[in-house]
Amino acid sequence: MIHVFVLVLIIGGDQASETCDQAMCFYDLNRCNYFANRLQRRTTPSTSSPISAYCKPLLVDPKQDGIRIY
64 MIHVFVLVLI
74 IGGDQASETC
84 DQAMCFYDLN
94 RCNYFANRLQ
104 RRTTPSTSSP
114 ISAYCKPLLV
124 DPKQDGIRIY
């Protein structure tokens with residue numbers, strides 16, 4: 064088991080998956096935060112849904128099928 068950071072997206076109030084088999088996971092918190100900052104935005108006249116993103120620490124088994132860590 065290793066510690067990784069999962070990129071969690073919240074689009075219009077609906078939270079995406081927090082597991083590494085359905086979300087992007089990273090070894091490095093700085094890399095995860097880079098993508099979270101690039102994806103996050105507030106509601107503007109051209110978008111109807113706000114997008115929030117953050118990185119959450121998670122303990123995973125990297126040898127499990129379907130797990131990909133960047």
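Numbering (the working numbering), first residue to last: 64 to 133.
Backbone N, C-alpha and C define an ideal beta-carbon position, used for all residues, glycine too.
No experiment lies behind these values; they were computed from the predicted model shown.
Check whether the Cβ atoms of Cys95 and Ile130 sit closer than 8 Å, and answer yes or no.
The Cβ-Cβ distance between Cys95 and Ile130 does not fall below 8 Å.
Using the beta-carbon count (16 or more within 10 Å), is Met87 buried or exposed?
Met87 should be labelled buried.
Is Ala116 helix, strand or coil by DSSP?
Three-state result, Ala116: strand.
Within the same chain, show all residues whose beta-carbon is closer than 6 Å to that of Ser112, passing over the 5 residues directly before and after it, in chain order.
Counting only residues of its own chain and dropping the five nearest sequence neighbours on each side, Ser112 has a CB closer than 6 Å to the CB of Ile74 and Gly75.
CA-CA distance, Tyr133 and Asn93?
Going by the C-alpha atoms only, they are around 12 Å apart.
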